[in-house]
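Participant: There's a structure below that I have some questions on.
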Amino acid sequence: MPTADHNPAIESSTDFDPASSTIAVVTFNRSALLTRLLKSVEKMDPKPGHIVIVDNASSDDTTEVVEGFRERLGTQLVYRRLGTNTGGSGGFSEGMRVAYELGSEWIWLMDDDVEVIPDGLAKMGKWAPRFKSIQGRRYDYDGSEFYWQYRIAERMGIPIPFAPAGFDESGFKPMNSGCFEGMFINREVVQQIGLPDPRFFIYWDDQTYGWLASRKTPSVIVDEFVLRRTREIKQWDMGVRHMNASSNAYRYYIMRNRGHIKQYYRSLGVYNPVLFALGTALTFAKELIRLVFVERTFRGTSNLFRGLRDGRKIANDTSWRPMPPLAAVPAAG
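Using the numbering used here, read the sequence shown as starting at 5 and increasing by one per residue.
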């Protein structure tokens with residue numbers, strides 16, 4: 005793991021070319037939020053070379069919104085409208101594929117419910133000479149600091165909920181996870197680990213992808229605020245941390261996708277049946293707590309059990325294979 009011998013945040017960013025980067029956004033039926041994000045990209049300085057919009061078969065005016073920004077952004081816009089809703093996982097997999105095939109040196113992933121701080125790309129670029137898998141910080145909807153669980157208990161496959169939130173003078177902390185709401189990753193790492201796995205549909209996909217990246221390169225979260233969330237989510241304030249509201253679809257995939265994580269762990273030789281089962285049990289318990297204290301209902305538990313059942317089928321699928329590495333494609337320039 006890298007040592008804090010100096011602070012790259014005060015180094016020159018001459019080794020980073022903003023035009024070599026691509027912002028990849030996934031959107032679905034939230035054109036108002038997408039509009040706000042694209043307006044923030046319009047104000048960026050510097051701007052990326054490309055912005056890729058992956059539309060998960062929206063039924064609103066997303067296409068018209070995107071076309072309205074094509075001449076305004078000052079950067080090349082690529083629009084991919086998918087024939088069906090592939091979930092966030094499928095959307096980010098496609099966005100990563102397009103950005104990689106464009107020859108992007110750096111790929112910055114984000115949902116449609118954030119906006120970019122005007123100098124966000126410059127802030128991330130400061131760290132590019134040193135690291136290849138980077139996560140910036142975010143402001144929450146109300147302007148507070150958004151806490152993200154950047155460390156996972158590897159053998160259990162779950163986030164460590166109370167990993168230290170503060171930074172020391174180095175300006176970064178090692179992470180072994182990932183979040184597609186702001187992941188900034190180099191094409192060399194993408195080539196080695198392949199695309200995000202669309203089979204997840206939603207949930208655990210970014211954690212798994214970040215974990216895979218951390219096995220190839222030192223991965224860090226840096227003390228740079230680069231995004232702001234633009235969608236308010238119902239939360240339970242626990243004092244130290246918040247717990248967000250969920251949905252029946254999320255509850256299902258949270259449990260189902262444990263099967264995919266188990267398969268990844270097996271393929272890489274890190275699977276421990278006892279500890280992984282404990283992680284699954286703790287995940288189930290957390291979702292029950294979320295139902296009762298955030299959403300104030302007991303309805304929805306059937307989705308957790310359905311997810312467990314289908315996750316076992318995935319875990320027992322002998323034909324399952326991890327996402328393959330990518331073929332070498334020349335970087336831009």
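C-beta atoms are modelled at their ideal positions from N, C-alpha and C, and glycine is treated no differently.
1) Report the CB separation of glutamate 98 from arginine 84 in whole angstroms; it is logged as a contact under 8 Å.
2) Pop quiz: isoleucine 55 and glycine 161 are said to be a contact at Cβ under 8 Å. What is the actual Cβ separation, rounded to whole angstroms?
3) Sorted by chain position, which residues of the same chain lie with C-beta nearer than 6 Å to methionine 242's C-beta, five sequence neighbours on each side aside?
4) Take glutamate 105 as the anchor and find which of Arg235, Arg219, Arg255, Val194 has the nearest alpha-carbon.
5) Methionine 100 by DSSP, collapsed to three states: which one?
6) For tryptophan 324, which residues in the same chain have their Cβ closer than 6 Å to its Cβ, ignoring the five residues on either side in sequence?
7) So glycine 315 and arginine 270 are in contact, right, with Cβ under 8 Å, and what is the actual spacing, rounded?
8) Quick one: residues in its chain with C-beta nearer than 6 Å to the C-beta of lysine 317, no 5 flanking neighbours on either side, listed in chain order?
9) Which residues does DSSP pair with alanine 335 in a beta bridge?
10) Using 8 Å for Cβ pairs, my map puts arginine 191 next to serine 108. What's the rounded Cβ distance?
11) Using only alpha-carbon positions, find the residue among Leu292, Glu119, Phe135 that is nearest to aspartate 20.
12) May I ask which residues mark the beginning and end of the beta strand (DSSP E) holding serine 181?
13) For serine 251, which residues in the same chain have their Cβ closer than 8 Å to its Cβ, ignoring the five residues on either side in sequence?
14) When you compare the CB positions of valine 82 and asparagine 60, do they come within less than 8 Å of one another, or not?
15) State the DSSP-derived secondary structure class of glutamine 153, mapped to helix, strand or coil.
16) If you reduce the DSSP assignment to three classes, tell me which class methionine 242 lands in.
17) Can you give the beta carbon distance from arginine 159 to alanine 167, rounded, assuming they're within the 8 Å contact cut?
18) Rounded to whole angstroms, what's the CA-CA distance from aspartate 144 to threonine 88? Just pull it up for me.
19) Of all the beta strand (DSSP E) runs that stay within the bounds of the region 112 to 137, which reach a length of 3 or more residues?
20) Any contact of the region 275 to 282 with the region 211 to 222, i.e. 3+ C-beta pairs under 8 Å?
21) Taking the beta strand (DSSP E) that isoleucine 225 belongs to, which residues open and close that run?
22) Verify whether the separation of the beta carbon atoms of serine 25 and tryptophan 110 is less than 8 Å.
23) From the DSSP output, in three-state form, read off arginine 313 for me.
24) For aspartate 209, which three-state DSSP category applies?
25) DSSP on glycine 140, reduced to helix/strand/coil?
26) In the DSSP assignment, the alpha helix (DSSP H) including arginine 40 goes from what residue to what residue?
27) Once DSSP output is grouped into helix, strand and coil, what is the label at arginine 257?
28) Mind checking which residues open and close the beta strand (DSSP E) that includes tyrosine 268?
29) List the endpoints of the continuous beta strand (DSSP E) containing threonine 90.
30) Does the beta-carbon distance from glycine 182 to leucine 330 come in below 8 Å?
31) Using 8 Å as the threshold, is the C-beta distance between isoleucine 225 and phenylalanine 176 below it?
32) According to DSSP, simplified to helix, strand and coil, what is threonine 26?
33) Looking only at C-alpha atoms, which of Trp215, Leu113, Gly78 sits nearest to isoleucine 57?
34) Could you give the residue range of the beta strand (DSSP E) that holds isoleucine 55?
35) Can you tell me which of the three DSSP states proline 163 falls into?
Facilitator: Looking at the atomic coordinates:
1) With 8 Å as the limit, glutamate 98 and arginine 84 qualify as a contact, their Cβ atoms being about 6 Å apart.
2) Wrong, their Cβ atoms sit about 33 Å apart, outside the cutoff.
3) Confidence at methionine 242 is low in this model, with a pLDDT of 49, below 50, so its placement is unreliable and no value can be given for it.
4) The residue with the shortest Cα to Cα distance from glutamate 105 is Val194.
5) If DSSP states are grouped into helix, strand and coil, methionine 100 belongs with the helices.
6) Setting aside the 5 residues that flank it on each side, tryptophan 324 is surrounded in the same chain by Gln267, each with a C-beta closer than 6 Å to its C-beta; the list follows chain order.
7) For glycine 315 against arginine 270, the beta-carbon gap comes to about 14 Å, at or over 8 Å, which does not count as contact.
8) Nothing meets the Cβ criterion.
9) Alanine 335 is bridged by DSSP to nothing; it lacks a bridge partner.
10) Indeed, because the Cβ distance is near 6 Å, the residues count as touching under 8 Å.
11) Residue 20 is actually phenylalanine in this sequence, not aspartate. Cα-wise, what sits closest to phenylalanine 20 is Phe135.
12) Serine 181 -> no beta strand (DSSP E), and no H or E assigned at all.
13) Listed in chain order, the non-local C-beta contacts of serine 251 below 8 Å within the same chain number zero, local neighbours out to five positions each way being set aside.
14) No, they are not a contact pair.
15) Under the three-state reduction of DSSP, glutamine 153 is assigned to coil, being neither helix nor strand.
16) With a pLDDT of 49 at methionine 242, under the threshold of 50, the modelled position of this residue cannot be trusted, and the question is left open.
17) In fact, because the Cβ distance is near 16 Å, the residues do not count as touching under 8 Å.
18) Between the alpha carbons of aspartate 144 and threonine 88 lies a gap of roughly 30 Å.
19) Whole beta strand (DSSP E) segments, 3+ residues: 118 to 120.
20) No, because fewer than three Cβ pairs between the region 275 to 282 and the region 211 to 222 fall closer than 8 Å, the two stretches do not touch.
21) Start and end: 223 to 233.
22) For serine 25 and tryptophan 110, yes; Cβs fall inside 8 Å.
23) Arginine 313 carries a helical assignment under DSSP once its states are collapsed to helix, strand and coil.
24) Aspartate 209: helix per DSSP, three-state reduction.
25) The answer is strand: DSSP assigns glycine 140 an E or B state.
26) Per DSSP, the continuous alpha helix (DSSP H) segment holding arginine 40 begins and ends at 35 to 46.
27) Note that residue 257 corresponds to tyrosine in the displayed sequence, not to arginine. Note: tyrosine 257 maps to helix in three-state DSSP.
28) Element bounds for tyrosine 268: not the beta strand (DSSP E) but the alpha helix (DSSP H), 262 to 272.
29) In this chain, threonine 90 is not harboured by any beta strand (DSSP E), its DSSP state being neither H nor E.
30) No, these two residues do not count as a Cβ contact at 8 Å.
31) Going by C-beta atoms, isoleucine 225 is nearer than 8 Å to phenylalanine 176.
32) Strand, per DSSP.
33) A check of alpha carbon separations from isoleucine 57 across Trp215, Leu113, Gly78 identifies Leu113 as the nearest.
34) First-last of the beta strand (DSSP E) with isoleucine 55: 54 to 59.
35) Strand at proline 163.
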